[in-house]
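Trainee: Once you've had a glance at the structure underneath, I'll fire off some questions.
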Amino acid sequence: MTDSRIGFGLLGTGLIAPFHARALQASSRARLVGAADLDKGRLQKFTTEFRCRGYSSLEAMLADPEVRVVNVLTPNHLHHDAVIQAAAAGRHLLIEKPPAMSLREVDAMAQACQAANVRVGVVLQCRTRKPVQAIRQAIDSGRFGRILQADTFMKWFRAADYYRMDAWRMSQKSGAGVTIQQAFHYIDLLHFLAGPVKRVHAQMRNLSHPGVKIEDTLLSFVEYESGALGVVEASTAHWPGTDVRIEINGENGTAIMVGERMDTWHFRDDRPEDAAIRLYGSAAVATGATGAADLGFHDHQAVIEDMVDAIERNREPVISLRSVRHTLEWALAMYKSAAQHAPVQLPLDDADCVLEQLAT
Ligand SMILES: NC(=O)c1ccc[n+]([C@@H]2O[C@H](COP(=O)([O-])OP(=O)(O)OC[C@H]3O[C@@H](n4cnc5c(N)ncnc54)[C@H](O)[C@@H]3O)[C@@H](O)[C@H]2O)c1
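Letter 256 of the sequence shown, counting from 1, is numbered 257 in this note's numbering, and no numbers are missing.
The following block contains the structure:
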């Protein structure tokens, strides 16, 4: 009997790959065909654990017709070339965040996928969480009134070992640093809920990781195009690491998400359904506060199943590459602001702009 589930192949078998594998194995609509890695030892361990095919390179994986979607799980600076190659081979793509290192790269990737008529999405799994969806719907229906403030406070911890695991985790050129690596999820949520942004004023420091030449702490003042204000605080310096907070304040209501649960949900027009919304999410689900592997896989499963749906219905994935362009632009603007010690206006006038070198 033929298997009708859509076949996925993973490019990279490092830290995040097991979460994709578990999500695929838990899904009734997708299946894990195999994985590729240049590191033979990692690949062997992974294919044994998840009982899937192993390929020594992306080219080898693209030669397998059962792989219809490639999940790009390589270090950040390697995403662009892999996406261009896989799109040219007619594969749909799910790219781990951040999708690329510059807006020019994002545009080239989007264009290549359009030309090849393949779907392309980004793994920003926090957008799938129920509290986020509830806040978005309340904004769309006008329940908040005018949004006054939209903030995130991410006080996480990463031990020095995390940075030493692989050279790219300490290299700004490879897209490391708390802003583009960890906080990207929550910058994206603020963009999704309250964006776009017109001006940022950021400062970055390395507070507690001596020897690691990137920022472990970001503080930024934000002005949204709507006129709302905001703050982005993000750090991997704060032991033991506490759940991230997203706070949205409107004229007529306040919503606060902590980790993946709704913490506060109050509107002037209290409604019967609000009691159930206040219970969304769970404090028991880990969201990365204390370590990189301190995560569940169900949000990844939701992103993967949306990709299956996008392929079957010939539509854009919900978290499309284009919808993430401004998130990257906002992150790059904060690096620019921190490097120049000055506010930066968006949109950026230079699509080739990459992470500016910081004296941390
Ligand atoms: N969505 C999330 O919550 C989340 C969490 C962690 C990491 N990530 C993202 O996932 C991506 C990977 O992160 P990681 O921590 O798993 O990295 P990692 O360094 O642990 O793993 C990357 C793997 O890619 C392999 N690789 C490198 N170049 C390759 C190539 N050309 N062909 C085949 N394999 C190659 C490496 O050998 C390594 O095994 C990054 O973009 C990161 O930002 C996302």
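Note that CB positions come from ideal geometry on N, CA and C, so glycine has one too. In this text the structure is predicted, and so the values were computed from the model without any measurement.
Using a Cβ-Cβ cutoff of less than 6 Å, which residues in the same chain neighbour E67 once the five nearest sequence positions on both sides are dropped?
Mentor: G8, V34
Trainee: Roughly how many angstroms separate the alpha carbons of W240 and Q112, rounded to a whole number?
Mentor: A straight-line Cα-Cα distance of about 42 Å links W240 and Q112.
Trainee: Report the rounded CA-to-CA distance for E330 versus L11, giving the unit in angstroms.
Mentor: 27 Å
Trainee: Return the chain-ordered ranges of every alpha helix (DSSP H) run that is complete within the stretch 118-147 and spans a minimum of 4 residues.
Mentor: 131-141
Trainee: Tell me whether L95 sits in a helix, a strand or coil according to DSSP, three-state version.
Mentor: strand
Trainee: Beta-carbon within less than 8 Å of L349's beta-carbon, same chain only, minus the 5 sequence neighbours each way: which residues are those?
Mentor: L104, E330, L333, A334, K337
Trainee: With DSSP run on the structure shown, which of helix, strand or coil describes L149?
Mentor: strand
Trainee: Assess, as a yes-or-no matter, whether the stretch 123-141 is touched by the stretch 299-307 under the definition of 3 or more beta carbon pairs within less than 8 Å.
Mentor: yes
Trainee: Could you name the residues of the same chain whose beta carbon sits closer than 7 Å to that of R363, not counting the 5 residues immediately before and after it, in chain order?
Mentor: Absent from the structure is residue 363, since the part of the chain shown begins at 2 and ends at 361.
Trainee: Count the CB pairs spanning the stretch 23-40 and the stretch 93-101 that are closer than 8 Å, and state whether there are at least three.
Mentor: By the Cβ criterion, the stretch 23-40 is not in contact with the stretch 93-101, since fewer than three pairs of Cβ atoms, one from each stretch, lie closer than 8 Å.
Trainee: Closer than 7 Å to a non-hydrogen atom of ligand 1 - does that hold for the CB of E60?
Mentor: E60 Cβ: outside cutoff for every heavy atom of ligand 1.
Trainee: Look at A64 and I278 and say whether their C-beta atoms are less than 8 Å apart.
Mentor: no
Trainee: For the 8 Å Cβ check, are there 3 or more pairs between the stretch 222-229 and the stretch 135-153?
Mentor: yes
Trainee: Since H327 is in the alpha helix (DSSP H), which residue starts that stretch and which ends it?
Mentor: 322-341
Trainee: Say yes only if the C-beta of E97 is nearer than 7 Å to one or more non-hydrogen atoms of ligand 1, and no if none qualify.
Mentor: yes
Trainee: For ligand 1, is there any heavy atom lying closer than 7 Å to the beta carbon of A139?
Mentor: no
Trainee: When you compare the CB positions of A160 and L74, do they come within less than 8 Å of one another, or not?
Mentor: No.
Trainee: Tell me whether the beta-carbon of Q362 lies closer than 8 Å to the beta-carbon of L356.
Mentor: For residue 362 there is no data in the structure shown, the boundaries of the chain being 2 and 361.
Trainee: Considering E224, what are the terminal residues of the beta strand (DSSP E) in which it resides?
Mentor: Secondary structure note for E224: its beta strand (DSSP E) is the uninterrupted segment 218-225.
Trainee: Would you mind reading off the limits of the beta strand (DSSP E) that contains G298?
Mentor: This sequence places Phe at residue 298; Gly is not what is there. Counted as a single uninterrupted DSSP element, the stretch harbouring F298 is not any beta strand (DSSP E), since DSSP gives it neither H nor E.
Trainee: Please report how far the alpha carbon of D244 lies from the alpha carbon of A238, in whole angstroms.
Mentor: 14 Å
Trainee: For T14 and R52, which I take to be in contact (beta-carbon distance under 8 Å), what is that distance rounded to the nearest angstrom?
Mentor: Their Cβ separation, rounded to whole angstroms, is 13 Å, which puts T14 and R52 out of contact at 8 Å.
Trainee: Taking Cβ positions, are R54 and V70 nearer each other than 8 Å?
Mentor: No, the Cβ-Cβ distance between R54 and V70 is not below 8 Å.
Trainee: What whole-angstrom Cβ distance do V362 and P344 have, given they're in contact under 8 Å?
Mentor: An answer regarding residue 362 cannot be provided, because it is not within the stretch 2 to 361 covered by the chain.
Trainee: Looking at ligand 1, does it come within less than 7 Å of Q86, judged from the CB to the closest heavy atom?
Mentor: no
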